[in-house]
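**Q** Mind looking over this structure? Questions follow.
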Amino acid sequence: MAKIETPRPIRGTQDMLGEQADRFAHVVATFDRVRRLYGFQRIEVPVFESTAVFARSLGESTDVVSKEMYTFEDRGGDSLTLRPEFTAGIARAYITEGWQQYAPLKVATHGPLFRYERPQKGRFRQFHQLDAEIIGAAEPGADVELLVFADQLLKELGIAEGVTLTLNTLGDAASRDAWRDALVRHFVAHKNDLSEDSLARLDRNPLRILDSKDPRDRPIADSAPDIDAYLTDEARAFFEKVTDGLKAAGVNHVRNARLVRGLDYYRHTAFEFVTDRLGAQGTVLGGGRYDGLIENMGGPVTPAVGWAAGIERLAMLIDAPAQQRPIFVIPDAPHLTDKANAALSLLRNAGIASETAFRGNAKRQVEVANKKGAQGILFVRDAGATGGEFYVRPLLGNDIEEVRRIHDLVRSAGIDAFAGTGAR
RNA sequence: GCGAUCGUAGCUCAGCUGGUUAGAGCGCCGGUUUGUGGUACCGGAGGUCGUGGGUUCAAGCCCCAUCGGUCGCCCCA
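In this text, residue positions in the first sequence follow my numbering: the first is 56, and each later residue adds one.
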């Protein structure tokens, strides 16, 4: 008989078990809790959209659109794309669902995203992000609130220590255009000394040369003009209000005049929370203001600002979430199984995490309980057995008070709880 | 798309300059011991050494190709 070949998992996808899944869930749960503190509504948007949603909004020349999207034709011949980011889909929903009536709208979501990239540390083809957006607010206060929200999230995840907020402004459209022209002039003047990669960037996305890692580019990038000289008065005032707001909220940051964002629609505030603890993937949370996007997609002129954070990356940084330490219920002999199950129900109904092994003698089950890090063992015996019908034995590192509570609970409820089991 | 590196049991790995029947720990299965209770002992199953070619009397080990993992470039969360 031919051997059945098990299909392999798709490159860049993950299967998570135990601690890894717990870490992931803890990040999401913390986000969901903090997001409520800031009054962000939960939204859900589709995992796939018309290709045009992403192709138009992200910019045709970006890597994401030109080579990283999972795009396919459905059976009706429509071109669909698995979302490579959240913002474009949310902007589409804002327009098509009439959410303008709620502006300024504060929304949050999380879920899977897809990009066709070579996987490496902290990078996957199916990855997951937290996302927060404020749509319909042109005020710098919106930028500040999002940043303070992000900062609190990282603090509550316990990773603020190793993570730094880096901040920049790309100015308004006039500032950005003037700066961009100046940059191009600067780079063209040094064209002969640029790396091949940066020569290509010069045509597609000259801003990106600023954060090139190629040593040949560094002197040229470092001597390039900052945006500061090209900021309009309005843009400068806006940026000052953002930094002042952060200061008032006690959020530390560093200015990174070389920070640019890859996607075309960014204006004004651009920021990244970065760490050196994730190998080449330094960015843990990033975002900025995208005042032009919704208009670009055929909607009304709508200012907006938002950020996204990589759940996998955050999950790698946090301490392992505390393990659930169950009470193990062990019947002393096989005929006590039903009685043990009754005890289990009693514990669980009282909100006490408890488990039992499905096989093995009592001795073996004790070993299983230890391996699972049980907090204590509830031995279930025949009525009148020496040592008591129910006996709770605490294990190493237990919470004595909790064990005592269980002891009392079972003993006081014991008679009635097991009356109907036929086990007595 | 490019580069580096790795690929031996379910898992983590050992396997000397190529040389008999490929090993360990953990896990799994069975048993012994104990018997108001955890850390003991014995045994067993399980591997076409990623796959396909090649070199050689002989390949887990050398060469080529291919697939996959990991890390990096690009780009990004």
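Ideal Cβ placement from N, Cα and C applies to all residues, glycine included. These figures come from a predicted structure and were not determined experimentally.
Can you tell me the Cα-Cα spacing of I407 and P355, whole angstroms?
**A** On the first sequence, residue 407 is found 352 positions in, with the first residue counted as 1. On the first sequence, residue 355 is found 300 positions in, with the first residue counted as 1. So the alpha carbons of these two residues sit roughly 54 Å apart.
**Q** Helix or strand or just coil, what does DSSP make of D198?
**A** Position 143 of the first sequence, counted from the first residue, corresponds to residue 198. Of the three classes helix, strand and coil, the one that applies to D198 here is helix, per DSSP.
**Q** What do you reckon, are the CB atoms on G334 and P174 nearer than 8 Å?
**A** For the purposes of this step, residue 334 is taken as residue 279 along the first sequence, with counting starting at 1. For the purposes of this step, residue 174 is taken as residue 119 along the first sequence, with counting starting at 1. Result no, Cβ atoms of G334 and P174 do not sit closer than 8 Å.
**Q** Nearest-angstrom Cα distance between A292 and T224?
**A** Residue 292 sits at position 237 when you count from the first residue of the first sequence. Residue 224 sits at position 169 when you count from the first residue of the first sequence. Cα to Cα, the separation comes out at about 11 Å.
**Q** Taking all protein chains shown into account, do 16 or more other C-beta atoms lie within 10 angstroms of the C-beta of Q420, making it buried, or fewer, making it exposed?
**A** Start at 1 with the first residue of the first sequence, and residue 420 comes out as number 365. So Q420 ends up on the buried side.
**Q** Only counting the same chain, and skipping five residues up and downstream in sequence, which positions put a Cβ closer than 7 Å to that of D227?
**A** Sequence index remark: in the first sequence, residue 227 carries index 172 (1-based). The answer, listed in chain order, is T287, E289, A290, R322 and H323.
**Q** Do the CB positions of Y320 and G347 come within less than 8 Å of each other?
**A** In the first sequence, residue 320 corresponds to position 265, counting from 1. In the first sequence, residue 347 corresponds to position 292, counting from 1. Yes.
**Q** Hey, A429 and P381: beta-carbon distance below 8 Å or not?
**A** Indexing the first sequence from 1 puts residue 429 at position 374. Indexing the first sequence from 1 puts residue 381 at position 326. Yes; because the gap between Cβ atoms is below 8 Å, this pair is in contact.
**Q** Identify, in the order they occur along the chain, each residue of the same chain with its Cβ nearer than 7 Å to the Cβ of D272, setting aside the five sequence neighbours on each side.
**A** Looking up residue 272 in the first sequence gives position 217. Around D272: L249, S250, S253 and I264.
**Q** Can you name the start and end residues of the alpha helix (DSSP H) that A163 belongs to?
**A** In the first sequence, the residue the question calls residue 163 occupies position 108. Per DSSP, A163 belongs to no alpha helix (DSSP H); it is in the beta strand (DSSP E), L160 to F169.
**Q** Among the residues of its own chain, which have a CB less than 7 Å from the CB of E211, if the five just before and after it don't count?
**A** The residue given as residue 211 occupies position 156 in the first sequence. Excluding residues within five positions, the ones whose Cβ falls inside 7 Å are T85 and V89.
**Q** Relative to the C-alpha of D129, which residue among P62, T106 and G144 is closest?
**A** As a first step, residue 129 must be located in the first sequence, where it is residue number 74. Nearest option by C-alpha distance: T106.
**Q** Verify whether the separation of the beta carbon atoms of A255 and D281 is less than 8 Å.
**A** As a position in the first sequence, residue 255 is number 200, starting the count at 1. As a position in the first sequence, residue 281 is number 226, starting the count at 1. In this structure, D281 does not lie closer than 8 Å to A255 by Cβ.
**Q** With H, G and I counted as helix, E and B as strand and the rest as coil, what does DSSP make of H183?
**A** The residue you call residue 183 lines up with position 128 of the first sequence. In the structure shown, H183 sits in a strand (DSSP, three-state: E or B).
**Q** Taking R189 and A303 to be in contact with their CB atoms under 8 Å, please state how far apart those CB atoms are, rounded to whole angstroms.
**A** If you number the first sequence from 1, residue 189 lands on position 134. If you number the first sequence from 1, residue 303 lands on position 248. In the sequence under discussion, the amino acid at residue 189 is Ile, which differs from the Arg named in the question. Beta-carbon to beta-carbon, I189 and A303 are separated by about 18 Å, too far to satisfy the 8 Å threshold.
**Q** Is there contact here, the region 91–104 with the region 127–147, by at least three beta-carbon pairs under 8 Å?
**A** As far as the Cβ criterion goes, the region 91–104 touches the region 127–147, which means the pair count is three or higher.
**Q** For T136, name the three-state secondary structure that DSSP assigns.
**A** As a first step, residue 136 is located in the first sequence; it is residue number 81 there, counting from the start. Note: T136 maps to strand in three-state DSSP.
**Q** Output the distance between the C-alpha atoms of I470 and A375, rounded to the nearest integer angstrom.
**A** Position 415 of the first sequence, counted from the start, is the residue given in the question as residue 470. Position 320 of the first sequence, counted from the start, is the residue given in the question as residue 375. The predicted position of I470 is uncertain, since its pLDDT is 40 and thus under 50; a value taken from the coordinates is nonetheless stated next. Their backbone Cα atoms lie some 40 Å apart in a straight line.
**Q** Which one or two residues does DSSP pair with E409 in a beta bridge?
**A** For the purposes of this step, residue 409 is taken as residue 354 along the first sequence, with counting starting at 1. The sequence given here has Ser at residue 409, not Glu. Answer is I382.
**Q** Note down, in chain order, each residue of its chain lying with its Cβ closer than 7 Å to the Cβ of E123, except the 5 sequence neighbours on either side.
**A** Residue numbering aside, residue 123 sits at position 68 when the first sequence is read from its first letter. If we look at E123 and ignore the five residues flanking it on each side, its Cβ neighbours are P139, R170, Y171 and E172.
**Q** In the DSSP assignment, what are the bridge partners of P389?
**A** Sequence index remark: in the first sequence, residue 389 carries index 334 (1-based). In the DSSP output, where bridge partners are listed per residue, P389 has none listed.
**Q** I need the straight-line Cα distance from G353 to P159, nearest angstrom please.
**A** Sequence index remark: in the first sequence, residue 353 carries index 298 (1-based). Sequence index remark: in the first sequence, residue 159 carries index 104 (1-based). In a straight line, the C-alpha of G353 is about 19 Å away from that of P159.
**Q** Could you pull the DSSP bridge partners for F294 from this structure?
**A** Here the question's residue 294 lines up with position 239 in the first sequence. Beta-bridge pairing links F294 to no other residue.
**Q** Tell me, which residues are paired with P449 by DSSP?
**A** For the purposes of this step, residue 449 is taken as residue 394 along the first sequence, with counting starting at 1. G431.
**Q** For F103, name the three-state secondary structure that DSSP assigns.
**A** Counted from its first residue, the first sequence places residue 103 at position 48. DSSP, reduced to helix, strand and coil, places F103 within a strand of the structure shown.
**Q** Specify the secondary structure class of G342 as computed by DSSP and reduced to three states.
**A** Along the first sequence, read from residue 1 onward, the residue named residue 342 stands at position 287. Here G342 sits in strand by DSSP.
**Q** Please classify V329: does DSSP put it in a helix, a strand, or coil?
**A** Working through the first sequence from its first residue, we reach residue 329 at position 274. Three-state DSSP puts V329 in a strand.
**Q** Which residue from S267, R368, T298 and R414 puts its Cα closest to that of V315?
**A** Residue mapping note: residue 315 aligns to position 260 of the first sequence, counting from 1. When each option's Cα is compared against that of V315, the closest is S267.
**Q** Starting from the Cα of L220, find the closest Cα among A229, S230, L209 and E367 and give me that residue.
**A** Taking the first residue of the first sequence as position 1, residue 220 is located at position 165. Of the listed residues, the one whose Cα sits closest to L220 is L209.
**Q** Just the C-alpha distance for R436 and H81, rounded to the nearest angstrom, thanks.
**A** In the first sequence, counting from the first residue as 1, residue 436 sits at position 381. In the first sequence, counting from the first residue as 1, residue 81 sits at position 26. Cα to Cα, the separation comes out at about 38 Å.
**Q** Around the Cβ of G365, are there at least 16 other Cβ atoms within 10 angstroms (buried) or fewer (exposed)?
**A** The residue labelled residue 365 in the question sits at position 310 within the first sequence. Buried is the call here.
**Q** According to DSSP, is F141 helix, strand or coil?
**A** Position 86 of the first sequence, counted from the first residue, corresponds to residue 141. F141: coil per DSSP, three-state reduction.
**Q** Between the alpha carbons of A229 and L201, how many angstroms are there, rounded?
**A** To locate residue 229, count along the first sequence from 1; it is residue 174. To locate residue 201, count along the first sequence from 1; it is residue 146. Rounded to whole angstroms, A229 to L201 spans 25 Å at the Cα level.
**Q** Label P261 either buried or exposed according to how many other C-beta atoms from any shown protein chain fall within 10 Å of its C-beta, with 16 as the threshold for buried.
**A** Numbered from its first residue, the first sequence carries residue 261 at position 206. That one is buried.
**Q** Given that a residue counts as buried once 16 or more other Cβ atoms are within 10 Å of its Cβ, and exposed if not, what is D206?
**A** Numbered from 1 along the first sequence, position 151 holds the residue referred to as residue 206. D206 is buried by the Cβ-count criterion.
**Q** Please name the residue or residues paired with E422 in a DSSP beta bridge.
**A** By 1-based counting over the first sequence, the position of residue 422 is 367. E422 is not bridged to any residue.
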